Amino acid sequence: MVISKIYGGLAGQMLQYAIGRHLSIKYNTHLLIDTYWYKKPGNPQFPRDFGLKRLNTQCIEIASYSWLWWQVRLSGRFNRFPGLPFKVIKEKDYSVFDPSMLELGANVLLDGYWNSYKYFEPVRSQLMKEFSPADLPDERNRECLNMIQSQNSVSIHFRRGDYALTSFHGILSRDYYEAAIAKITAEISNPYLFIFSDEPKWVIENMRFSFPYKIVDFNKDEKNYWDIELMKNCKHNIIANSGFSWWAGWLNENPEKIVIAPEKWINTDKTRIDNIPADWFLL
1 MVISKIYGGL
11 AGQMLQYAIG
21 RHLSIKYNTH
31 LLIDTYWYKK
41 PGNPQFPRDF
51 GLKRLNTQCI
61 EIASYSWLWW
71 QVRLSGRFNR
81 FPGLPFKVIK
91 EKDYSVFDPS
101 MLELGANVLL
111 DGYWNSYKYF
121 EPVRSQLMKE
131 FSPADLPDER
141 NRECLNMIQS
151 QNSVSIHFRR
161 GDYALTSFHG
171 ILSRDYYEAA
181 IAKITAEISN
191 PYLFIFSDEP
201 KWVIENMRFS
211 FPYKIVDFNK
221 DEKNYWDIEL
231 MKNCKHNIIA
241 NSGFSWWAGW
251 LNENPEKIVI
261 APEKWINTDK
271 TRIDNIPADW
281 FLL
């Protein structure tokens, strides 16, 4: 068995699931997920929903207070506790790809974010299916999806919200978005912009667009996975320094897609992490 600890927002959950899913397929074993983190009190201002359950994921959630549940709890205290039936692997460096992680065999417990797409690139076609909504679109999402598919659509993601409260990530400047829009609209004809943000009011008040656009602001809270679905169906993507729109760019199936990403992903001396495919553009 492969066990992935799941925590954080939806994008982080998808990363944790993706590496576990790759290993489970590679070693022909089950993927189990530990969701204990969501049973603990969180930040009431920025709550986190266990969003994987709303996608077509193929895994088994560890039952609370089961024998395995207690084993996983022990692993948080003792990495090499003699009674554990699995190896505990904790991520050492979120910014680099470690190929040895893919040679661990079965019977491992994974604890980390695993930011690099190289951890799961071999099972991309499988993840394309599993990272799709388990429910049908409601009327607004269906109409928006039809509009996206009928236009030369470009998704633009503005991530603010919790990023404004910490210096770790940093908020991207207006200059980045203006340069990204200028670059992508110079490459394509008749662009139609689809704007996604956790603070749409800020976008309306601070950004000016020279092309037709639509603010997509109706997928609140536990419905946020539909924003990823809409963004990934756009023909092109301008992403934020956020895993949320990163997934949209990576899952985008358009063979001629243009994806623009920020050169500086986090606000530290590590300007880059190993998460940007070679055919994406950095600004």
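If you're matching positions, the sequence shown starts at 1 in my numbering and goes up one per residue.
Backbone N, C-alpha and C define an ideal beta-carbon position, used for all residues, glycine too.
Remember, predicted model here, so these are calculated numbers, not experimental data.
Cβ neighbour criterion (16 or more within 10 Å) applied to residue i
| i | result |
| --- | --- |
| residue 20 | buried |
| residue 239 | buried |
| residue 120 | buried |
| residue 182 | exposed |
| residue 30 | exposed |
| residue 6 | buried |
| residue 206 | exposed |
| residue 2 | buried |
| residue 39 | exposed |
| residue 232 | buried |
| residue 34 | buried |
| residue 262 | buried |
| residue 28 | exposed |
| residue 129 | exposed |
Nearest-angstrom Cα separation, counted from residue j out to residue i
| i | j | result |
| --- | --- | --- |
| residue 45 | residue 196 | Reliability fails at residue 45, whose pLDDT of 47 lies under 50, so the model's placement of it is uncertain and the value that follows must be treated cautiously. Residue 45 and residue 196: Cα-Cα distance of roughly 20 Å. |
| residue 50 | residue 256 | 33 Å |
| residue 89 | residue 117 | 18 Å |
| residue 107 | residue 228 | 32 Å |
| residue 211 | residue 192 | 6 Å |
| residue 11 | residue 189 | 31 Å |
| residue 258 | residue 184 | 7 Å |
| residue 204 | residue 214 | 11 Å |
| residue 68 | residue 175 | 50 Å |
| residue 127 | residue 61 | 18 Å |
| residue 23 | residue 85 | 17 Å |
| residue 8 | residue 171 | 19 Å |
| residue 145 | residue 199 | 21 Å |
| residue 281 | residue 25 | 31 Å |
| residue 91 | residue 101 | 9 Å |
| residue 201 | residue 93 | 36 Å |
| residue 247 | residue 273 | 15 Å |
| residue 104 | residue 52 | 24 Å |
| residue 208 | residue 160 | 17 Å |
| residue 98 | residue 122 | 15 Å |
| residue 266 | residue 177 | 16 Å |
| residue 283 | residue 71 | 45 Å |
| residue 173 | residue 147 | 28 Å |
Closest Cα partner of residue i within the set the options
| i | options | result |
| --- | --- | --- |
| residue 179 | 160, 227 and 260 | 260 |
| residue 140 | 217, 33, 93 and 24 | 217 |
| residue 4 | 203, 10 and 17 | 17 |
| residue 37 | 200, 48 and 160 | 48 |
| residue 14 | 277, 278, 274 and 251 | 251 |
| residue 279 | 171, 249, 93 and 60 | 249 |
| residue 158 | 244, 230, 86 and 93 | 244 |
| residue 95 | 23, 124, 264 and 282 | 264 |
| residue 187 | 201, 235 and 138 | 235 |
| residue 143 | 277, 103 and 194 | 194 |
| residue 149 | 230, 32, 283 and 52 | 230 |
| residue 124 | 253, 266, 115 and 98 | 253 |
| residue 276 | 71, 115 and 87 | 115 |
| residue 138 | 225, 32 and 283 | 225 |
Taking three-plus beta-carbon pairs below 8 Å as touching, is the region 53-60 in contact with the region 132-140?
yes
Any 3 or more C-beta pairs closer than 8 Å across the region 210-221 and the region 235-251:
no
Any chance you could list the alpha helix (DSSP H) runs of at least 4 consecutive residues sitting entirely within the region 227-273, in chain order?
243-251
Would you check if the region 140-158 and the region 110-126 touch, i.e. whether three or more CB-CB distances between them fall below 8 Å?
no
In chain order, each alpha helix (DSSP H) run of at least 4 residues that lies wholly inside the region 2-31:
10-26
4 or more residues per run - each alpha helix (DSSP H) lying fully within the region 156-217
174-187 and 200-206
Note down, one range per segment and in chain order, each alpha helix (DSSP H) of at least 4 residues found wholly within the region 100-152.
124-130 and 139-150
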